[in-house]
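2 protein chains.
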Amino acid sequence: MDRERRKFERKPAEARKEALILATLDLVAENGVRGATVRGIAKQADVTQGLVRHYFSTKEELISAAYEYHMNALTDQTAASAKDGKARSRLARFISATLTPPVVDARSVALWAAFLNKVRHDAGMRAIHERTYVYFRDHLEELIKAALDEAGQSSKSEKLRYLAIAGNAVIDGLWLEGGALPDAFSSGELAQIGLRSVGAIIEIPLEAEAEQP
Amino acid sequence: MDRERRKFERKPAEARKEALILATLDLVAENGVRGATVRGIAKQADVTQGLVRHYFSTKEELISAAYEYHMNALTDQTAASAKDGKARSRLARFISATLTPPVVDARSVALWAAFLNKVRHDAGMRAIHERTYVYFRDHLEELIKAALDEAGQSSKSEKLRYLAIAGNAVIDGLWLEGGALPDAFSSGELAQIGLRSVGAIIEIPLEAEAEQP
DNA sequence: CAAGTAATTATGCAAGTGTATAATTTCTGT
DNA sequence: ACAGAAATTATACACTTGCATAATTACTTG
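Chains as they are written, first to last, in the numbering used here: chain A, 614 to 826; chain B, 614 to 826.
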């Protein structure tokens, strides 16, 4: 009666690759890069070990792909928030997006930490890092410059450099703490602190600006 | 003629333990916790594998000891800086010490990242973390409160909480960036940025206060 | 100076690792 | 419906891993 079921299903390459990448990110976040074994990844993606190798000819390659995927997801989540509107408002929304879930998230921080070593040693990984990091920081610097100009304040490059570094540091630090101690902050608190702090540093109040376009 | 040399030397237990811990930290910083193999640690400490096991009956135990050793070293390096003097000056020197080598250092950041996963999963490691993290943050909050009182500003607990979180975030963020991108900042620049930023946040200038007691 | 003891080395083992290759199974085009 | 090709599974191998235990060696103490 019971007809023999298919033993597996063939799926489009892109879907399989993405599934493998997501499985990899899960395991890397949980156990680190070395702890994310090929067998573990296969199991997480509900697939046999050989298939991993079929799509990524080496573990290194899979790890790089996963890192790039993750970093792209992160930047996508923030970049979209800072379109249109007054400069001050764009800046505020950018900060707010960066300090709110899903960007603030334990898994993200765990991934960041887990990949750090690889980034330091592997040229390909470092290239991905540079691209996204510089993108983030330049974006922030641009937004700060626009806000200063709009407010009629000076935005000399020397001063701007300091403001971008400092602003970036507050945001990074808050992002880190929010991810590492998820229960230590109430909803919205991180974003509020971020807005107040960056506002104090650049001498432009930002708190009221986060909502409206 | 050539008398047969001793094949090894017996050393006091404490010296051996410390040597093993230092070797462990080297390898963890370089390759992560899983990458720091017992054999590698033994080799780094110029010793055979069996000896590691003789002093630390499990790898877990050695890793914990190394983490505790490292965290203690970090707090020792900062705590000493904030003794005596006016509150504003103590705060400034504390920030300055935290944003200057040897606290700011690529190896430290690498270690922090490498241990993060372990800290999340192991109760013993988490206890060590809580102790040092809370110590640092409470210390900063205390210093900020003293500086506010000294300046005649209000230091209500709600406001103080915000200031401590924000100040801590700037410092963490700068520490992170200084360690991750050692060549991106000139000597003393990080400390200067940290002082200016925290000063802006708490509305008390700190830059001139870093030197004198 | 001899002997005992603790530090240190030497050797071994079972489980897990990445990678390579062969054997199946599913799906598509005709 | 039926090849043929590509996706997927299955199996194997050499190497590393943490841990265990036995064999040496250096130092202390009487």
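Cβ atoms here follow ideal geometry from the backbone N, Cα and C, with glycine treated the same way.
Chain A contact for residue i (CB, 8 angstroms cutoff)
i                : result
Ile741 (chain B) : no
Pro826 (chain B) : Any reading at Pro826 (chain B) must be qualified, since the residue scores a pLDDT of 44, below 50, and its modelled position is unreliable; the value itself is stated next. No - not a single Cβ of chain A is within 8 angstroms of the one on Pro826 (chain B).
Gly737 (chain B) : no
Ala556 (chain B) : The structure shown does not extend to residue 556 (chain B), since chain B is modelled only from 614 to 826, so the question has no answer here.
Leu729 (chain B) : yes
Arg733 (chain B) : yes
Ala632 (chain B) : no
Arg744 (chain B) : no
Gly698 (chain B) : no
Ala658 (chain B) : no
Arg703 (chain B) : no
Val717 (chain B) : no
Arg647 (chain B) : yes
Ala764 (chain B) : no
Classification of residue i by the beta-carbon crowding that lies within 10 angstroms, buried from 16 upward
i                : result
Lys731 (chain A) : buried
Arg703 (chain A) : buried
Leu794 (chain B) : exposed
Arg619 (chain B) : exposed
Glu627 (chain B) : exposed
Arg706 (chain A) : buried
Thr691 (chain A) : buried
Glu754 (chain A) : buried
Arg701 (chain A) : buried
Pro826 (chain B) : Reliability of the predicted coordinates at Pro826 (chain B) is poor, the pLDDT of 44 falling under 50, and the value obtained from them is presented with this limitation in mind. Exposed.
Met658 (chain B) : The residue you asked about is not Met; residue 658 (chain B) is Ala in the sequence shown. So Ala658 (chain B) ends up on the buried side.
Val780 (chain B) : Reading off the sequence, residue 780 (chain B) comes out as Gly, not Val. Answer is buried; the Cβ neighbour count reaches 16.
Ser721 (chain B) : buried
Ile815 (chain A) : buried
Gly831 (chain A) : Residue numbering for chain A in the displayed model covers 614 to 826; residue 831 (chain A) lies beyond these limits and cannot be assessed.
Ala777 (chain A) : buried
Gly765 (chain B) : exposed
Gly663 (chain B) : exposed
Ala797 (chain A) : exposed
Ala649 (chain B) : buried
Ala736 (chain A) : exposed
Ala740 (chain B) : exposed
Cβ of residue i within 8 angstroms of any chain B Cβ
i                : result
Ile806 (chain A) : yes
Leu787 (chain A) : yes
Leu687 (chain A) : no
Asp747 (chain A) : The amino acid at residue 747 (chain A) is misidentified as Asp; the sequence shows Val. Val747 (chain A) does not count as touching chain B.
Tyr682 (chain A) : no
Ser800 (chain A) : no
Met614 (chain A) : For Met614 (chain A), the pLDDT reaches just 36, beneath the cut-off of 50, and the residue's location in the model is therefore unreliable, although a value from the coordinates is still provided. It does not: the Cβ of Met614 (chain A) has no partner Cβ on chain B nearer than 8 angstroms.
Ile708 (chain A) : no
Asp790 (chain A) : Before going further, note that residue 790 (chain A) is Glu rather than Asp in the sequence given. Yes, because at least one Cβ of chain B sits closer than 8 angstroms to the Cβ of Glu790 (chain A).
Ile676 (chain A) : no
Ala821 (chain A) : no
Tyr775 (chain A) : yes
Arg652 (chain A) : no
Ala723 (chain A) : yes
Arg809 (chain A) : yes
Ile778 (chain A) : yes
Straight-line gap, residue i to residue j (C-alpha atoms, nearest Å)
i                : j                : result
Thr671 (chain A) : Ser677 (chain A) : 10 angstroms
Ala726 (chain B) : Leu675 (chain A) : 21 angstroms
Ile634 (chain B) : Ser767 (chain A) : 51 angstroms
Phe621 (chain B) : Thr661 (chain B) : 10 angstroms
Gly807 (chain B) : Asp751 (chain A) : 20 angstroms
Arg774 (chain B) : Tyr668 (chain A) : 50 angstroms
Ala642 (chain B) : Val641 (chain A) : 18 angstroms
Ser810 (chain A) : Phe728 (chain A) : 29 angstroms
Val665 (chain B) : Arg623 (chain B) : 14 angstroms
Leu761 (chain B) : Phe749 (chain B) : 18 angstroms
Gly791 (chain B) : Ser770 (chain B) : 31 angstroms
Glu631 (chain A) : Ala723 (chain A) : 20 angstroms
Arg629 (chain A) : Ala636 (chain A) : 10 angstroms
Arg647 (chain B) : Ala782 (chain A) : 30 angstroms
Met738 (chain B) : Met738 (chain A) : 29 angstroms
Val560 (chain A) : Pro625 (chain B) : A query on residue 560 (chain A) cannot be resolved here, the shown segment of chain A reaching from 614 to 826 and no further.
Ile817 (chain A) : Leu756 (chain B) : 26 angstroms
Ala804 (chain A) : Gly645 (chain B) : 32 angstroms
Asp639 (chain B) : Ala679 (chain B) : 10 angstroms
Proximity test, residue i beta-carbon vs the ligand HEM heavy atom, cut-off 7 angstroms
i                : result
Gln657 (chain B) : Questions concerning the ligand HEM fall outside what the structure shown contains, since it holds no ligand whatsoever.
Starting from the N-terminal side, write out each stretch of the alpha helix (DSSP H) that is 4 residues or longer and does not extend beyond the stretch 738-804 of chain B.
Fully enclosed alpha helix (DSSP H) runs of 4 or longer: 770-793.
Report yes or no: do the stretch 745-759 of chain A and the stretch 678-691 of chain A share at least 3 C-beta pairs separated by less than 8 angstroms?
Put simply, the stretch 745-759 of chain A touches the stretch 678-691 of chain A. At least three CB pairs are less than 8 angstroms apart.
Taking contact to mean 3 or more Cβ pairs, one atom from each stretch, closer than 8 angstroms, check whether the stretch 787-802 of chain B and the stretch 689-699 of chain B are in contact.
No, they do not touch.
Check whether the stretch 709-718 of chain A touches the stretch 710-728 of chain B, taking contact to mean three or more Cβ pairs, one atom from each stretch, closer than 8 angstroms.
Not touching, per the Cβ criterion.
Would you call the stretch 809-824 of chain A and the stretch 646-665 of chain B touching, i.e. three or more CB-CB distances under 8 angstroms?
No, because fewer than three Cβ pairs between the stretch 809-824 of chain A and the stretch 646-665 of chain B fall closer than 8 angstroms, the two stretches do not touch.
Which runs of the alpha helix (DSSP H) at least 4 residues long sit entirely within the stretch 672-706 of chain B? Give them in chain order.
With a minimum length of 4 residues, the continuous alpha helix (DSSP H) runs that stay inside the stretch 672-706 of chain B are 672-692.
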